[in-house]
Structures are given as structure tokens and as C-alpha cells.
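Note sheet for the following structure.
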Amino acid sequence: MNDVNLKILKNDIGENRYIHSLGVMSECKKLANYYDAEEEKAMIAGLYHDCGKFVQRKIAYEFINENKIIIKDEFLKNYQLLHPALGYYVGKIKYKIQDEEILEAIYYHTTLRKNPSLLDKIVYIADAIEPNRNYEGVDGLRKLAYTDLDKSVLLSLDNTIIDIIRKKKYLGIDSIISRNYLLEIIS
Numbered sequence: 028m029n030d031v032n033l034k035i036l037k038n039d040i041g042e043n044r045y046i047h048s049l050g051v052m053s054e055c056k057k058l059a060n061y062y063d064a065e066e067e068k069a070m071i072a073g074l075y076h077d078c079g080k081f082v083q084r085k086i087a088y089e090f091i092n093e094n095k096i097i098i099k100d101e102f103l104k105n106y107q108l109l110h111p112a113l114g115y116y117v118g119k120i121k122y123k124i125q126d127e128e129i130l131e132a133i134y135y136h137t138t139l140r141k142n143p144s145l146l147d148k149i150v151y152i153a154d155a156i157e158p159n160r161n162y163e164g165v166d167g168l169r170k171l172a173y174t175d176l177d178k179s180v181l182l183s184l185d186n187t188i189i190d191i192i193r194k195k196k197y198l199g200i201d202s203i204i205s206r207n208y209l210l211e212i213i214s
């Protein structure tokens with residue numbers, strides 16, 4: 028991770044999101060070591076997981092148009108769904124990330140998918156429990172993440188889905204698919 032890319036990332040996503048991304052990277056490293064995953068991949072995915080969440084949304088749409096990126100209609104209905112998909116392409120094009128597993132972990136870091144990889148789950152839960160997160164239930168979720176990764180991911184996904192419904196926001200289909208998949212493997 029070179030200093031030039033870090034400066035560009037910080038400029039693109041802003042100071043607060045950059046600090047959050049450093050926290051996610053740190054948590055990804057710990058989780059990767061705990062669950063015997065590839066530490067470097069986890070750290071890169073954690074650092075760049077929000078690289079598509081530009082400070083100015085117009086920059087996101089300009090990037091899509093300039094690079095002729097085809098985005099699913101459902102992602103255009105909710106920026107929370109758009110930024111991970113966009114992050115896949117920003118990571119690949121702007122930051123030259125070549126590893127498909129890292130790019131997919133970025134792509135699915137808010138919704139997951141059916142049969143998520145270990146890296147997908149690590150980035151997903153690290154985003155929810157990184158040290159700067161402070162919300163009701165986060166301490167319990169942090170403990171669960173180091174006891175049962177699948178159960179912690181399911182609990183976080185359930186909480187996210189409930190929050191999206193409560194706020195009357197668009198819910199991506201991948202969230203439902205991944206939740207149902209996790210229910211099957213946990214039962």
C-alpha cells in the first residue's frame with residue numbers, strides 16, 4: 028500500500044471515512060489472523076472497502092460514465108448499494124487492485140452474497156465492528172465475531188436489514204439471499 032494511493036484515497040473519501048477505513052483494515056488483520064485467512068488480502072480489502080464512497084456523489088456518477096460501467100438498476104436506488112459495486116471498479120481501475128477475491132469482498136461488503144467467502148465475511152463484519160464504531164450492541168457483536176463468525180455476520184445482517192426497513196430504504200436482493208444462506212448453514 029503505497030503512500031500516493033493512501034493520499035488519493037483519503038482525498039476521495041474524506042478524513043472521517045479514511046479513519047474508518049483504517050479501522051476496518053486493522054480489524055480485518057486481526058480477524059484474518061484469528062480465522063487463518065490471508066492477512067494481506069484482508070488488509071487491502073479492508074482499507075479499500077469504501078473506495079467507491081466518494082465525498083462528492085457527482086464524482087461517483089462521473090466515474091461510472093467516464094469508464095462506461097454498467098451498474099444494476101437496484102444499486103442506483105440506494106447509494107449504500109451503489110458504493111460497494113462502484114468500489115469494485117474504482118479498486119480495479121484507479122488503485123490497480125488485480126486480485127478478484129479482494130475486489131469481490133469490496134463489491135459485497137454491504138450485502139454479502141450466497142455462499143460468501145471467508146474474506147467476504149471478514150470484511151463485512153470488520154466494517155460493522157471496527158474500533159471507531161459505537162452503537163447499541165456493537166460490543167456483543169465484537170465478541171461474537173471472535174467466537175462464531177457466521178453467527179456474528181448473520182446478526183449484523185439482520186440488524187442492517189431491520190434498520191433499512193425501518194428507514195423505508197431500498198433493500199438489495201443480495202442481502203436477502205445471503206441472510207437465507209447463512210440461516211441454512213447455521214441451523
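Numbering (the working numbering), first residue to last: 28 to 214. Glycine included, C-beta positions come from ideal geometry on N, C-alpha and C. Treat the numbers as computed from the prediction; the structure is a model and nothing was measured.
Please state whether the Cβ-Cβ distance between Glu128 and Lys68 is less than 8 Å.
In this structure, Glu128 places its C-beta atom within 8 Å of the C-beta atom of Lys68.
Pop quiz: Ile156 and Leu146 are said to be a contact at Cβ under 8 Å. What is the actual Cβ separation, rounded to whole angstroms?
No, Ile156 and Leu146 are not in contact; Cβ-Cβ is about 16 Å, not under 8 Å.
Closest Cα partner of Asp154 within the set Ile192, Lys123 and Ala72:
Closest by alpha carbon: Ala72.
Val180 beta carbon less than 8 Å from that of Lys141:
No, the pair does not count as a contact, with Cβ atoms beyond the cut-off.
C-beta contact flag for Asn32 and Tyr122 at 8 Å:
At a Cβ-Cβ threshold of 8 Å, Asn32 and Tyr122 count as neighbours.
Alpha carbon to alpha carbon, what distance is there between Asn60 and Ile86?
CA-to-CA, the gap between Ile86 and Asn60 works out to about 36 Å.
What would DSSP say about Cys78, mapped onto helix, strand or coil?
DSSP places Cys78 in coil when its eight states are reduced to three.
Go ahead and label Arg193 buried or exposed: buried means 16 or more other beta carbons lie within 10 angstroms of its beta carbon, across all protein chains shown.
Arg193 is exposed by the Cβ-count criterion.
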